[in-house]
Structures are given as C-alpha cells and as structure tokens.
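Under the numbering used here, the very last position in the sequence shown is 464; numbers go up by exactly one each time.
Read the structure below first, then the notes.
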Amino acid sequence: MNDVVYITGHKNPDTDSICSSIAYAEFKNKMGVNAVPIRLGDLSNETKFVLDYFGVKPQKLVENVKPQVSDLDIDSVNPISPKTSLKTAWAMISKNSVKTLPVVDDSGRLIGIASKSDIASYYMDTLDANAAAKLIPQNTPVDRVMKKDDIVSFKIHDLIDNVKDVMLKTRYRNYPVVDSENKVIGNISRDNLKSQKKKKIILVDHNERAQSVYGLEDAEILEVLDHHKIGDIQTGSPIYFRNEPIGCTATIVASRFFENGIKPSQKTAGLLCAAIISDTLLFRSPTSTDIDKSTLKKLSAIADIEPEAFSTQMFKAGSSLEGKTPEEILNQDFKVFNISKTKLGVGQVSTMDTEGFKTVKDDVVKSMEFKCKDENFDLIILMVTNILKSGSELIVVGEQKDVISRAFGVNLKDGSVYVPGILSRKKQVIPPLTAALS
C-alpha cells in the first residue's frame, strides 16, 4: 500500500475540489503512478448531480493521513487451526523463530493466540503426571492451551500512535494484525515500527493546512495544484507546485493532460467541464480567464455536452436547499483563514432561490453564532450568492463585524448586507478583508 499516491482536495469539498481530485488521479495513473483520489467531506447537491450525470462514483472519504499499521512492513505468518496439535504448533514456532502463532477459525478469523511459553508450561505439567501422559502434548489440540480472552491485536487501519501506546502497556513479542473482518493478515513487533513509511499526498484546489486533511504534517506532499493564494504548506524538499491566477483548479488539471499529449476520458472531461462551470459561475465570476474559457471549449467537445444547457441543470440541482439543516447550509462550502491573528471563517451558498433561503435564515444565523463561539472564530461570514442577479448577501457574526465596513465600504443592517457584483470569495472577499485586517 506504500506505493499509493493519494490525491485530495480541501475540507468541505466543492465541485472543483472533488472533480479535480478524480481527474488528476486519472492523469497520474495514465502516467504510470498508482494514484487514488480521496475526499475530506460530504458531497454537495451540485457535486452529487455532476457525478451522477457522468456516471462516476465518488472517491473514498478519508478522515486523516496519519501513519497507520498499513504503512508498516508487516511480517507474514501462517495461522494455525484450533485443532492443530501442540507438536505441530511447537515445530512451527521453532522453525519460524517466533514466540506466538495466531489461531484462526475456518474463515480465517482470529480466535486465539498460541505461545511457546503456554505450550511449554502445558508440557511440563503433563510430564509430572505419569509416563503415558508424555504423549499427550503431541496429540492434544492447541485450543487446550491457547489464549482466548483479552487478545491484543491491531487492525490494519489503526493509527501508529495508538499502536505505540498499547505496546508500551503490554509486553508481548508479537501482535497479530487483522483486517476489518478480523481475518489475520500478519504479525508486527516493536521492531516493525522502524519500517514506518509516510503516506504520499498530492493537494489540489488548496494549499493551506487548515483546509487540508488531518495528519498532513506526518505525510509526504509530492505536488500542489491550486488557483488560490499561497498559504502555509511547507515541505522538506522541492516539489512540483503549480499555482495559477485562473478561475478553477480543473483548468490546471486539464492543462496537465493536454501538455503531456494525453486525452482525458469522456467522463473525466465532463467532470472537468462541470468544475470550471461551477467555480467560474459559467464565467460570471471575476476570477474567470480566457484560459478557463478556451479549456472549457476543448473539454466540452470531448465530453459531448453543451455548457450553457448543462450549467442550468447543474446550478438548479446545486442551489436547492430543500432538506438541508442550518449546519449543512453553513458548512457545505466553508473555509478557514488566519489573517493577522484573526481567525476568519467564510462560507458560501450559491442559490437561484433567495426567497427560499429567507425561511431558514434565522436558524442559519444561530448556527453561525454557535460555531463562532464553539470554535473560537473572531469572525464568520456567509456569502449567499444569487447566481442570476450576480451578487451576494453577506451575513456576519463575531466580535470583528466592523471590519465589513472597512473592507467593502458598506454598513451592516441586522447583521447582513447585500453587495452587488460580489461572486468570488477568493478574489472579491478575502483580499479586501486581508487589507482591512492587516
């Protein structure tokens, strides 16, 4: 598993983050790299629509990339049956120079541990009985002596930090490693911890630790592809870092295909189209560039879609707030920024139905206030973006509300204000806030 390269977007993933991760994994695989796309959160309605439309399964949800048992060299082991004789078990232990053997049922599931000391103890007890009993250990099944209760084993996805804690509290030579079904994979000992390898990661659509996967500091970052401001990601050696002032990370991913003479599959081209349309709001956003436009034209021909018609379907599916809790509305596209010692959170909801949002606004504000206090934010802003009117209502909570008037030259009324022309968090919200807070 150590040769796998994981490709991930940011937390609270949007369509660009999800689609760029999947698409770049296809590119890397075509370049001979064993790449696997992962995601750091639930899919938005818009992203679900996109994946369903092009018939693509969502990538695996991963909570962290801290070292796990799977990142170790695991010793192979031949488990034994509970009916295996003590003589055979002793011979296997001696031949393989181990102290214990896992005992498994007919399905390969761990049910006990047979140790050299337990077998020896049983033999000595028998030897004292009478001469005939000397033969018992040779024919007695191992389930007579194996440890059945309080077995200490590790699952393949257990964190190494937890494994170390357990090993400090116990004194066994070997520990069985099992899969999710409790089937034995092998053994590890304290010596195996020295073989720990870092997970290999490629970041797309972000380059700030606060927005990335938990445990990133314990991983090896190989590449970064992004279109946001350069953040606080640090590496121990030079990497491929591609950061461009364009409207969408998917545009960069598409460029990687075309620059290397590789044609994306029809489905992947469709995903890249959707990401560009989503992030640029079909070029209504000021982040849009001519490169995004020319790339979409090229990709849409491969995907066999008409961008205008597709965007209408996608935005309609994505802007529906029906069935969502206030917390889901706030967090579906929420990013954390640290600017001049100010902890800032900015969420964005794009909708074609602002009237529908009004019915849940009060509850969303309560959710914002709770999050602000519970997670120690100085300021939280929710952008409710009207795609059709090309503007956003800024809903604001926190102790530093006054920064809004300095940043945008507007005054809040009951904690919110509508600002025409504001569509982009990256280009129209974060820069003026950074200037006002600095």
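C-beta: ideal position from N, C-alpha, C; glycine also.
Quantities reported herein were computed from a predicted structural model and do not represent experimental measurements.
- A direct Cα-Cα distance of roughly 6 Å separates residue 221 from residue 99.
- Going by DSSP, residue 354 is part of the alpha helix (DSSP H) stretching over 352–357.
- At the C-beta level, residue 35 and residue 230 come within 7 Å of one another.
- The C-alpha of residue 383 lies about 26 Å from the C-alpha of residue 237.
- Counting every other CB atom within 10 Å of its CB across the protein chains shown gives residue 405 a total of 16 or more, marking it as buried.
- The segment 199–207 makes no contact with the segment 66–84: fewer than 3 CB pairs, one atom from each, lie closer than 8 Å.
- In this chain, the beta strand (DSSP E) harbouring residue 409 covers 405–412.
- For residue 63, the three-state secondary structure derived from DSSP is strand.
- Distance from residue 42 to residue 274 at the Cβ level is roughly 5 Å; contact confirmed, criterion being Cβ atoms closer than 8 Å.
- Of all alpha-carbon atoms in 234, 460 and 219, the one lying nearest the alpha-carbon of residue 426 is that of 460.
- Just so you know, the alpha carbons of residue 435 and residue 68 end up roughly 35 Å apart.
- With contacts defined by Cβ atoms closer than 7 Å, residue 345 and residue 377 form a contacting pair.
- Residue 347 and residue 241 have their C-alpha atoms spaced approximately 32 Å apart.
- Remark: C-beta atoms of residue 195 and residue 313 do not approach each other more closely than 7 Å.
- In this model, residue 188 and residue 136 are separated by some 20 Å (Cα to Cα).
- The Cβ neighbour count for residue 316, taken over all protein chains shown within 10 Å, is under 16; the residue is labelled exposed.
- Taken in chain order, the whole beta strand (DSSP E) runs of length 3 or more contained in the segment 44–121 are 61–65.
- Counted as a single uninterrupted DSSP element, the stretch harbouring residue 315 is not any beta strand (DSSP E), since DSSP gives it neither H nor E.
- Only residues of its own chain outside the window of five on either side were considered, and among them 182, 183, 184, 185 and 186 have a CB closer than 8 Å to the CB of residue 94, listed in chain order.
- About 20 Å separates the beta carbon of residue 353 from that of residue 418, a gap too long to meet the 8 Å contact definition.
- The beta carbon of residue 177 lies closer than 8 Å to those of 136, 138, 139 and 202 in the same chain, with the five residues before and after it left out.
- Per the DSSP secondary-structure output, residue 140 pairs in a beta bridge with 127.
- The beta carbon of residue 444 lies closer than 7 Å to those of 417 and 419 in the same chain, with the five residues before and after it left out.
- Distance from the CA atom of residue 311 to the CA atom of residue 265, rounded to whole angstroms, is 31 Å.
- A straight line joining the alpha-carbon of residue 285 with that of residue 53 spans about 11 Å.
- Separation of residue 128 and residue 117 (C-alpha to C-alpha, rounded to the nearest whole angstrom) is 14 Å.
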